[in-house]
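Participant: So the number in this note's numbering is just where the residue sits in the sequence shown, counting from 1, plus 132.
Backbone N, C-alpha and C define an ideal beta-carbon position, used for all residues, glycine too.
Owing to the predicted nature of the structure, the values given are computational and were not obtained by experimental measurement.
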Amino acid sequence: MPGGDEFYEPASSAEVETRHKRSIFTGRVFRADSEEEARGHIREISRRYSDASHNCWAYRVGFPNPVEYYSDAGEPSGTAGKPILGAILRADVVNAVVVVTRYFGGTKLGVRGLIEAYGESATLALEAAGRRRRVRSREAFAECPYEHAQLLLRQMAELGIPEDAVETRWEAAVILSVSVPLSLEDSAASLFENYTERGFISRWGWK
């Protein structure tokens, strides 16, 4: 997991099918902002594929202290939910729920075979979903004259605010919309206050 305010979550939903000894495994990935939302995805898949042999799942939700939970859903203990959660941990994502649906093909896989099959299904689905970087932040705005805009932008960059966290509108004055990482909240406020006192910023505030 990245340090500070950065984390990763699934970039999209995804679905991947694999086969092991005629059993069909379908791994599905969803993004969820809460346990309630994660369990909603699980209920929906379990309802939609109620004829499946098993709908096993795991989720990891929240940052910086994620809640983790998993279920073997009738498979032997430790052979399904835990490998799915392991795949989520290896992908280094949060706000992720993975459900692996199995249709039994007539041949038992054994404990090791089940662990490998569920882990592989979850891993491939997470790879298909991809990751996107997120930053815990607080939204701020600042308005300044044209002649001070570049100085302010440079100072924010030196402070550690990413370039892609700043949206600039060139109107009668320069309007900056800034996603300030939470760890830089006090430093950014001090910068904005200092520049306001010096006349470099006309006004600023938190949204």
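Taking 6 Å as the limit between beta carbons, can you name the residues of its chain near GLY206, skipping five residues before and five after?
Facilitator: So the list reads HIS186, once near-sequence residues are dropped.
Participant: Pull up the distance between the alpha-carbon of ALA274 and that of ARG264, whole angstroms please.
Facilitator: Approximately 27 Å, taken between the alpha carbons.
Participant: Which whole-angstrom value describes the C-beta separation of ALA219 and GLY251, a residue pair presumed to lie in contact below a C-beta threshold of 8 Å?
Facilitator: Yes, ALA219 and GLY251 are in contact; Cβ-Cβ is about 6 Å, under 8 Å.
Participant: Can you list, in chain order, the residues of its chain with a C-beta nearer than 6 Å to that of PRO134? Leave out the 5 residues immediately preceding and following it.
Facilitator: Caution applies to PRO134, whose pLDDT of 49 falls short of 50 and renders its modelled position unreliable; the value that the coordinates give is listed next. Answer for PRO134: no residue qualifies.
Participant: Quick check on DSSP: helix, strand or coil for TYR278?
Facilitator: Helix, per DSSP.
Participant: Take the Cβ of ASP318 as the centre, count every other Cβ of all protein chains shown within 10 Å, and call the residue buried at 16 or more, exposed below.
Facilitator: The residue in question, ASP318, is exposed, as its Cβ has fewer than 16 Cβ neighbours within 10 Å.
Participant: Can you name, in chain order, every residue of its own chain whose Cβ lies under 7 Å from the Cβ of TYR235, other than the five neighbours on each side?
Facilitator: Once the five neighbours on either side are set aside, the close Cβ partners of TYR235 are SER155, ILE156, ALA184, SER185.
Participant: Which word fits LEU101, buried or exposed, when buried means at least 16 other C-beta atoms lie within 10 angstroms of its C-beta?
Facilitator: Missing from the structure shown is residue 101; the chain here goes from 133 to 339 and no further.
Participant: What residue range does the beta strand (DSSP E) around VAL267 cover?
Facilitator: 263-267 is the extent of the beta strand (DSSP E) around VAL267.
Participant: Cα separation between THR239 and SER315?
Facilitator: Going from the Cα of THR239 to the Cα of SER315 covers about 53 Å.
Participant: Suppose you measure from the CA of ASP165 to the CA of VAL193; what does that come to, to the nearest Å?
Facilitator: Between ASP165 and VAL193, the C-alpha separation is close to 6 Å.
Participant: List in chain order: all unbroken beta strand (DSSP E) runs of 3+ residues lying wholly within the region 161-226.
Facilitator: If we require 3 residues or more, the beta strand (DSSP E) runs fully inside the region 161-226 come out as 186-193, 199-203.
Participant: Taking the C-alpha atoms as reference points, what is the distance between GLU271 and VAL298?
Facilitator: Going by the C-alpha atoms only, they are around 10 Å apart.
Participant: Distance, Cα to Cα, ILE177 vs VAL232?
Facilitator: Whole-angstrom Cα-Cα distance: 9 Å.
Participant: Can PRO215 and ILE247 be called in contact, C-beta distance under 7 Å?
Facilitator: Their beta carbons are under 7 Å apart, which means PRO215 touches ILE247 by this criterion.
Participant: Quick one: give me the first and last residue of the beta strand (DSSP E) that SER311 is part of.
Facilitator: Unbroken beta strand (DSSP E) run through SER311: 306-313.
Participant: Please report the distance separating the alpha-carbon of TYR202 from that of ALA321.
Facilitator: Whole-angstrom Cα-Cα distance: 42 Å.
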